[in-house]
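Q: Here it is, the structure, as structure tokens.
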Ligand SMILES: NC(=O)c1ccc[n+]([C@@H]2O[C@H](COP(=O)([O-])OP(=O)(O)OC[C@H]3O[C@@H](n4cnc5c(N)ncnc54)[C@H](O)[C@@H]3O)[C@@H](O)[C@H]2O)c1
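Residue numbers (our numbering): 132 to 440.
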């Protein structure tokens, strides 16, 4: 075959695949994508002792999954375990793990592999926030933000991805934030760690594609503020476009995105428009929009006091 013919063939295949993927996305934009069955899947949720992690555990309990719950807070995690049992979980295992410590992650991961089996859905959800202007942030707290919000994802992937590759089956879920897509004042270390988490999860998605591991899926979740207590005191000036999210609603959306194997989930939908505008508007216009939406003042009332969900 001449090189021209080969190039033409390659181009036609590329065109066909691209059009098919766009058509597929359009169709599934109109009709809901079928949800996968997660009964019997081993689902590991980090930060399951409260907030989103706890609610995710309850949802997966109702879907018949085997639950592996990790949290640094043993008491909260035990409570989640009891609640998951009441919600119908047949097999649920709670482990105390400081996800910000690599040795702890590897140690507990080995225990899980021996006692429960190969994790097939990994939900990196544990997170912390400092909530101070950059120069007021103690170095140790900034390091901790990176350890928990980002570096823990590296260690959990290292621990659980090999079995997913061997089985060509798995799902990697990154709970990031809208602060992982757009910089926010008063959240520099948090934003940086959440941007890193998005960049890592997206790169690993591309890596699994390049290695033709079609059975391994990725979902990257970027929500705005949620009423879990983590961002207690934070405000929105535009509740219509950027509402403070209800945790139950957020978790329903996250589970739905996982079951539909969606790559990205931003909540609320207005965040997609913000990202689009950010990609071409002058930076100054972006700041004017941020000022108008009250984003620059959103951290002003931050107390971070936690409430039980
Ligand atoms: N609440 C929000 O407004 C909001 C918005 C966007 C994204 N998020 C993200 O959602 C995720 C869940 O947050 P949430 O709102 O449920 O907060 P939360 O504080 O209720 O839950 C976080 C959980 O992580 C656990 N955790 C903290 N450090 C840990 C560590 N070193 N090792 C293991 N577990 C640890 C905590 O004990 C807690 O149970 C976080 O990653 C957060 O950054 C939250």
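Every residue, glycine too, gets a C-beta built ideally from N, C-alpha and C.
1. Residue range of the beta strand (DSSP E) that residue 347 falls in?
2. If you reduce the DSSP assignment to three classes, tell me which class residue 109 lands in.
3. Would you report the Cα separation of residue 138 and residue 394, rounded to the nearest angstrom?
4. Using 7 angstroms as the cut-off, classify the Cβ of residue 228 as near or not near the heavy atoms of ligand 1, replying yes or no.
5. Under the rule that 16 or more other beta-carbon atoms within 10 Å means buried, what is residue 226, buried or exposed?
6. Please give the ranges of any alpha helix (DSSP H) in the stretch 369-402, keeping only runs that are unbroken, at least 4 residues long and fully inside the region.
7. Beta-carbon separation of residue 398 and residue 187 under 8 angstroms?
8. Thinking C-alpha only, which one of 374, 267, 364, 270 is nearest residue 355?
9. Give the secondary structure of residue 299 by DSSP, where H, G and I count as helix, E and B as strand, and everything else as coil.
10. Nearer than 7 angstroms: is that true of the beta carbon of residue 429 relative to any heavy atom of ligand 1?
11. Could you tell me the alpha carbon to alpha carbon distance between residue 287 and residue 154, rounded to whole angstroms?
12. Which residues in the same chain have their Cβ closer than 6 angstroms to the Cβ of residue 357, if we skip the five residues on either side of it in sequence?
13. Considering only heavy atoms of ligand 1, does any lie closer than 7 angstroms to the CB of residue 350?
14. Taking 8 angstroms as the threshold (C-beta atoms), are residue 240 and residue 178 in contact?
15. Compare the beta carbon distance of residue 428 and residue 366 with 8 angstroms and say whether it is the shorter of the two.
16. Can you tell me the Cα-Cα spacing of residue 159 and residue 165, whole angstroms?
17. Does the Cβ of residue 361 lie closer than 7 angstroms to at least one heavy atom of ligand 1?
18. Which same chain residues end up closer than 6 angstroms to residue 303 when comparing Cβ atoms and leaving out the 5 residues on each side of it in sequence?
19. Going by DSSP in three states, residue 259 sits in which element: helix, strand or coil?
20. In the DSSP assignment, find the unbroken alpha helix (DSSP H) run with residue 320 in it and report its ends.
21. Between which residues of its own chain and residue 279 is the CB-CB distance below 7 angstroms, once the five residues before and five after are set aside?
22. Is the stretch 166-176 touching the stretch 187-204 in the sense that three or more CB pairs, one from each, lie closer than 8 angstroms?
23. With a threshold of 7 angstroms (Cβ to nearest heavy atom), would residue 432 be considered close to ligand 1?
24. Return the residue from the list 402, 297, 144 that minimises the CA-CA distance to residue 339.
25. Cβ of residue 279 versus every heavy atom of ligand 1: is any distance shorter than 7 angstroms?
26. In the structure shown, what three-state DSSP assignment does residue 440 receive?
27. Between which two residues does the beta strand (DSSP E) carrying residue 223 extend?
28. Between which two residues does the alpha helix (DSSP H) carrying residue 239 extend?
A: So, from the data block:
1. Indexing the chain shown from 1 puts residue 347 at position 216. Where residue 347 is concerned, the enclosing beta strand (DSSP E) stretches over 347-354.
2. What is shown of the chain runs 132 to 440, which leaves residue 109 out entirely.
3. In the chain shown, residue 138 corresponds to position 7, counting from 1. In the chain shown, residue 394 corresponds to position 263, counting from 1. C-alpha separation (whole angstroms): 31 angstroms.
4. The residue given as residue 228 occupies position 97 in the chain shown. Closer than 7 angstroms to some heavy atom of ligand 1: that describes the Cβ of residue 228.
5. Taking the chain shown and counting its residues from 1, the one referred to as residue 226 is at position 95. It counts as buried.
6. 378-390
7. Residue 398 sits at position 267 when you count from the first residue of the chain shown. Residue 187 sits at position 56 when you count from the first residue of the chain shown. At least 8 angstroms separates the beta-carbon of residue 398 from that of residue 187.
8. Position 224 of the chain shown holds residue 355. Between residue 355 and the set 374, 267, 364, 270, the nearest pair of CA atoms involves 374.
9. In the chain shown, the residue the question calls residue 299 occupies position 168. Residue 299: coil per DSSP, three-state reduction.
10. Residue mapping note: residue 429 aligns to position 298 of the chain shown, counting from 1. Because no heavy atom of ligand 1 lies under 7 angstroms away, the Cβ of residue 429 does not count as near it: no.
11. Numbered from its first residue, the chain shown carries residue 287 at position 156. Numbered from its first residue, the chain shown carries residue 154 at position 23. If I take the Cα positions, the gap works out to 35 angstroms.
12. Within the chain shown, numbered from 1, the residue matching residue 357 stands at position 226. Contacts found: 376, 378, 381.
13. Working through the chain shown from its first residue, we reach residue 350 at position 219. Checking the Cβ of residue 350 against ligand 1 gives no.
14. Counted from its first residue, the chain shown places residue 178 at position 47. Counted from its first residue, the chain shown places residue 240 at position 109. No. Outside cutoff.
15. On the chain shown, residue 428 is found 297 positions in, with the first residue counted as 1. On the chain shown, residue 366 is found 235 positions in, with the first residue counted as 1. A contact, by the Cβ cut-off of 8 angstroms.
16. One-based indexing of the chain shown puts residue 159 at position 28. One-based indexing of the chain shown puts residue 165 at position 34. Taking the straight line joining both Cα atoms gives about 9 angstroms.
17. Along the chain shown, read from residue 1 onward, the residue named residue 361 stands at position 230. Because some heavy atom of ligand 1 lies under 7 angstroms away, the Cβ of residue 361 counts as near it: yes.
18. Residue numbering aside, residue 303 sits at position 172 when the chain shown is read from its first letter. Here the set comprises 253, 349.
19. As a working mapping, residue 259 is identified with position 128 in the chain shown. Of the three classes helix, strand and coil, the one that applies to residue 259 here is coil, per DSSP.
20. Locating residue 320 in the chain shown gives position 189, counting from the first residue. Counting along the chain, the alpha helix (DSSP H) containing residue 320 begins and ends at 319-341.
21. Here residue 279 refers to the residue found at position 148 of the chain shown. Taken in chain order, the residues that qualify are 230, 231, 257, 258, 259.
22. Output reads yes: the stretch 166-176 touches the stretch 187-204.
23. Counted from its first residue, the chain shown places residue 432 at position 301. Not so, every heavy atom of ligand 1 lies at least 7 angstroms from the Cβ.
24. The count along the chain shown starts at 1 and reaches residue 339 at position 208. Residue 339 has its Cα closest to that of 297, out of 402, 297, 144.
25. For this step, residue 279 is matched to residue 148 along the chain shown. Yes - ligand 1 has a heavy atom lying nearer than 7 angstroms to the Cβ of residue 279.
26. Here residue 440 refers to the residue found at position 309 of the chain shown. Per-residue confidence for residue 440 stands at a pLDDT of 41, beneath the threshold of 50, marking its modelled position as unreliable; no derived number is given.
27. Residue 223 sits at position 92 when you count from the first residue of the chain shown. Its beta strand (DSSP E) spans residues 223-227.
28. For the purposes of this step, residue 239 is taken as the residue at position 108 of the chain shown. Note, residue 239: alpha helix (DSSP H), 233-246.
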